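>
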Amino acid sequence: MSGQTLTDRIAAAQYQLTGSDMARAVCKATTHEVMAPKKKHLEYLVSATNTTNVNIPQMADTLFERSTNASWVVVFKALVTTHHMCVHGNERFIQYLASRTSLFNLSNFIDKTGSHGYDMSTFIRRYGRYLNEKAFAYRQMAFDFTRVKKGAEGVMRTMTTEKLLKGMPVLQTQIDTLLEFDVHPKELNNGIINAAFMLLFKDLVKLFASYNDGIINLLEKYFKMKKSDCKEALEIYKRFLTRVTKIGEFMKLAETVGVDKNDIPDINYAPSSILESLETHMNGLEDTKGGKKGEGSPTKGSPTNNVSPTSTPAKSSNAVPTLQPPPGDSAAAAAAPEPAEDSLLDLDPLSSSGPSAPSAAPTSWGDLLGSADVFSSPAPILSSAPPPKIDTGAMMNLFGAV
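Each step along the sequence shown adds one to the number in my numbering, with nothing skipped, and position 242 is 1042.
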């Protein structure tokens, strides 16, 4: 069904008569037209969140009400509008979502009016779960992983060990839920699902930047952790490795909806030597009575070959590579959150605009990913000379270079 229906016009007129311009804008953004919500309605709602006298709960409740519609078009557009508000609206909006005991209840949603309705209902259920998880993550952490400062001075890089071990699983779960959207290029066949996908794509780029920052921080602290924390950190790192491929595949789908290939982050594998170094250190702690030997100090033994991080590395010989930092290892300024004026029009499949380039040349993994724009750099430098121990600082630079 295309164009505004009589029901759409009646609903908009009712809100206009009651004097609720905000509810009317929500209704206009979620019509039965098979197209993404219009920019003018989204801009009005975003600006409304920055007005102190606007009732944020009423805005959210109107969106929840629209998500109970029987039409997949209206429901999907309600989700897209909600997601857009989380990204570009005042933080008060997502704070309210996080404060609610329940959000979108779409686990059983299905539009039986046609084959297209059946297909889109699947993505509506998945999208609803992600938005619920996004709000739940905010409730757990009191911030949005996509909006925090990135880089060497960012939130994830400066977290304490205790908060990091609590926050990383929350971030991993949010990323997992996003990846469950699991769309294929042929299914990106209308403006609504394309808009939803692009919002998810932009979220994933920022989530992965936070994820990288958290992993850097975790590895920097790893050799000083107590045994129980090392076990937890090692599991977090292993889960990170298993997600890298899926994240990269999801990002590459953005080319299908018009994002320039050069603007899509290129995610590479981490060397397996890092995983083996962590496991060797962990085993050293477990094999020592009282867990004192090696606690807080690096251990020996990592392979010189680089293989897929998801594979179990083979036990190496006595040679341990020296992990050298790339030339010019100076810290770059961390990127600030994306400006609020970035509208849904930027997600237009016909637009070739992508993430902006960083203002300074990145020189380390944290600096590189602080802008959430670039995910690769020159190959690491390896030396065959066996040093007495692993330099964890150099290990960070090597990890950042892959």
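Using N, Cα and C, we set each Cβ at its ideal position, and we do this for glycine too. These numbers come from a predicted model, not from an experiment.
(1) Applying the criterion that 16 or more other CB atoms from any shown protein chain within 10 Å of the CB defines a buried residue, is Y930 buried or exposed?
(2) In the DSSP assignment, find the alpha helix (DSSP H) that holds K1027 and state where it starts and stops.
(3) In chain order, what residues of the same chain have a beta carbon less than 6 Å from the beta carbon of Q858, not counting five sequence neighbours either side?
(4) Express the C-alpha separation of G951 and A1160 in angstroms, rounding to a whole number.
(5) Roughly how many angstroms separate the alpha carbons of R925 and F909, rounded to a whole number?
(6) Starting from N905, trace the alpha helix (DSSP H) both ways and give me its first and last residue.
(7) Take G1068 as the anchor and find which of T1045, C827 and E1032 has the nearest alpha-carbon.
(8) Considering only residues of the same chain and omitting the five flanking positions on each side of E933, which have a CB-CB separation below 6 Å?
(9) Give the single residue among E980, A1009, C827 and H841 whose Cα lies nearest to the Cα of F1050.
(10) Could you compute how far the alpha carbon of L1075 sits from the alpha carbon of A1009?
(11) Please classify E833 as buried or exposed, where buried requires at least 16 other C-beta atoms within 10 Å of its C-beta.
(12) Whether or not the segment 938 to 956 and the segment 819 to 839 are in contact is what I'm after, with contact meaning three or more pairs of Cβ atoms, one per stretch, closer than 8 Å; do they touch?
(13) On a CA-only basis, which of W872, L965, V874 and M885 is nearest V846? Give me that one, please.
(14) Helix, strand or coil for K1203? Go by DSSP, reduced to three states.
(15) For I894, collect the residues of the same chain with a Cβ closer than 7 Å to its Cβ; drop the 5 residues on either side in sequence, then sort them by chain order.
(16) H888: buried (16+ other C-beta within 10 angstroms of its C-beta) or exposed?
(17) Residues in its own chain within less than 7 Å of E1055 by CB, not counting five upstream and five downstream?
(18) So, helix, strand or coil for E833, using DSSP?
(19) For D919, collect the residues of the same chain with a Cβ closer than 8 Å to its Cβ; drop the 5 residues on either side in sequence, then sort them by chain order.
(20) What are the start and end residues of each continuous alpha helix (DSSP H) run of 4 or more residues lying completely inside the segment 988 to 1027, in chain order?
(21) Can you list, in chain order, the residues of its chain with a C-beta nearer than 7 Å to that of M777? Leave out the 5 residues immediately preceding and following it.
(22) Would DSSP call N869 helix, strand or coil?
(23) If we ignore side chains and look at the alpha-carbon of each, how far apart do T922 and D982 end up?
(24) Report back the beta-carbon spacing between H1036 and P969 to the nearest angstrom; my notes put them in contact at under 8 Å.
(25) Would a C-beta distance cut-off of 9 Å place N850 and N890 closer than the cut-off?
(26) Given a cut-off of 9 Å, decide if T913 and V874 are closer than it, judged by their beta-carbon atoms.
(27) Just to check my reading of the structure: A995 and L1041 have Cβ atoms closer than 8 Å, yes? What is that Cβ distance to the nearest angstrom?
(28) Is the Cβ-Cβ distance between L1007 and T946 less than 9 Å?
(29) F864 to S1072, Cα distance in whole Å?
(30) Give the secondary structure of L1145 by DSSP, where H, G and I count as helix, E and B as strand, and everything else as coil.
(31) With the cut-off set at 9 Å, would you say A848 and A825 are in Cβ contact?
(32) Pick from G1084, L965 and T868: whose alpha carbon is nearest that of D911?
(33) Can you list, in chain order, the residues of its chain whose CB lies under 7 Å from that of P985, leaving out five sequence neighbours each side?
(34) What separation, rounded to the nearest whole angstrom, lies between the Cα atoms of D1013 and S1077?
(35) Would Q972 and R1043 be called neighbours here (beta carbons separated by less than 9 Å)?
(36) Which same chain residues, not among the five before or five after A860, have their C-beta less than 6 Å away from its C-beta?
Taking the structure as given:
(1) Counting from one through the sequence shown, the residue named residue 930 turns up at place 130. With 16 or more other Cβ atoms within 10 Å, it is buried.
(2) Residue 1027 sits at position 227 when you count from the first residue of the sequence shown. Looking at the DSSP string, the run of the alpha helix (DSSP H) that includes K1027 is K1027 to K1052.
(3) Residue numbering aside, residue 858 sits at position 58 when the sequence shown is read from its first letter. Same-chain partners within the cutoff: there are none.
(4) Residue numbering aside, residue 1160 sits at position 360 when the sequence shown is read from its first letter. Residue numbering aside, residue 951 sits at position 151 when the sequence shown is read from its first letter. Only weak support exists for where A1160 lies, its pLDDT of 39 falling under 50; the coordinates are left without a value.
(5) Working through the sequence shown from its first residue, we reach residue 925 at position 125. Working through the sequence shown from its first residue, we reach residue 909 at position 109. Cα to Cα, the separation comes out at about 7 Å.
(6) In the sequence shown, residue 905 corresponds to position 105, counting from 1. Segment: none, N905 is in no alpha helix (DSSP H) and carries neither H nor E.
(7) By one-based count along the sequence shown, residue 1068 stands at place 268. Going by the sequence as given, residue 1068 is Asn instead of Gly. If we check each option's Cα against that of N1068, T1045 comes out closest.
(8) On the sequence shown, residue 933 is found 133 positions in, with the first residue counted as 1. Here the set comprises Q974 and T977.
(9) Stepping through the sequence shown from its first residue, residue 1050 is reached at position 250. Per the Cα distances, E980.
(10) Within the sequence shown, the letter at position 275 stands for residue 1075. Within the sequence shown, the letter at position 209 stands for residue 1009. Rounded to whole angstroms, L1075 to A1009 spans 20 Å at the Cα level.
(11) Within the sequence shown, residue 833 is the residue found at index 33, counting from 1. Buried.
(12) no
(13) Translated into positions along the sequence shown, residue 846 becomes position 46. Nearest option by C-alpha distance: M885.
(14) Past the boundaries of the shown model lies residue 1203; the chain is included only from 801 to 1202, so the question cannot be answered.
(15) Here residue 894 refers to the residue found at position 94 when the sequence shown is read from its first residue. Contacts found: C886, A935, Y938 and D944.
(16) Here residue 888 corresponds to residue number 88 of the sequence shown, with the count starting at 1. Per the 10 Å Cβ criterion, buried.
(17) Within the sequence shown, numbered from 1, the residue matching residue 1055 stands at position 255. Correct list, in chain order: K1061 and I1064.
(18) Stepping through the sequence shown from its first residue, residue 833 is reached at position 33. It is coil, neither helix nor strand.
(19) As a working note, residue 919 is residue 119 in the sequence shown. Apart from sequence neighbours up to five positions away, the residues of its chain that approach D919 with a beta-carbon distance below 8 Å are E987, ordered along the chain.
(20) Within the segment 988 to 1027, the complete alpha helix (DSSP H) runs of at least 4 residues fall at 991 to 1022.
(21) No answer is possible for residue 777: it lies beyond the span of the chain, which begins at 801 and ends at 1202.
(22) For the purposes of this step, residue 869 is taken as residue 69 along the sequence shown, with counting starting at 1. Looking at N869 - three-state DSSP - the assignment turns out to be coil, as it is neither helix nor strand.
(23) Counted from its first residue, the sequence shown places residue 922 at position 122. Counted from its first residue, the sequence shown places residue 982 at position 182. Approximately 10 Å between the Cα atoms of the pair.
(24) Position 236 of the sequence shown, counted from the first residue, corresponds to residue 1036. Position 169 of the sequence shown, counted from the first residue, corresponds to residue 969. First, the residue type needs correcting, since residue 1036 is Ile and not His in the sequence shown. Right, the Cβ-Cβ distance comes to about 7 Å (below 8 Å), so this counts as a contact.
(25) Taking the sequence shown and counting its residues from 1, one reaches residue 850 at position 50. Taking the sequence shown and counting its residues from 1, one reaches residue 890 at position 90. Closer than 9 Å, so yes.
(26) Mapped onto the sequence shown, residue 874 falls at position 74. Mapped onto the sequence shown, residue 913 falls at position 113. Against a cut-off of 9 Å, the Cβ pair of T913 and V874 comes out as no contact.
(27) Here residue 995 refers to the residue found at position 195 when the sequence shown is read from its first residue. Here residue 1041 refers to the residue found at position 241 when the sequence shown is read from its first residue. Actually they do not touch by this definition, with Cβ atoms about 32 Å apart.
(28) The count along the sequence shown starts at 1 and reaches residue 1007 at position 207. The count along the sequence shown starts at 1 and reaches residue 946 at position 146. Yes, these two residues count as a Cβ contact at 9 Å.
(29) Residue numbering aside, residue 864 sits at position 64 when the sequence shown is read from its first letter. Residue numbering aside, residue 1072 sits at position 272 when the sequence shown is read from its first letter. For F864 and S1072, the distance between alpha carbons rounds to 46 Å.
(30) Position 345 of the sequence shown holds residue 1145. Confidence is the limiting factor: at L1145 the pLDDT is only 36, short of 50, which leaves the residue's position unreliable and the question unanswerable from this model.
(31) In the sequence shown, residue 848 corresponds to position 48, counting from 1. In the sequence shown, residue 825 corresponds to position 25, counting from 1. Yes; because the gap between Cβ atoms is below 9 Å, this pair is in contact.
(32) Translated into positions along the sequence shown, residue 911 becomes position 111. When only C-alpha atoms are compared, the closest one is T868.
(33) Residue numbering aside, residue 985 sits at position 185 when the sequence shown is read from its first letter. Cβ within range, chain order: L1053 and T1056.
(34) Working through the sequence shown from its first residue, we reach residue 1013 at position 213. Working through the sequence shown from its first residue, we reach residue 1077 at position 277. Whole-angstrom Cα-Cα distance: 20 Å.
(35) On the sequence shown, residue 972 is found 172 positions in, with the first residue counted as 1. On the sequence shown, residue 1043 is found 243 positions in, with the first residue counted as 1. Yes; because the gap between Cβ atoms is below 9 Å, this pair is in contact.
(36) Indexing the sequence shown from 1 puts residue 860 at position 60. Y896, listed in sequence order.
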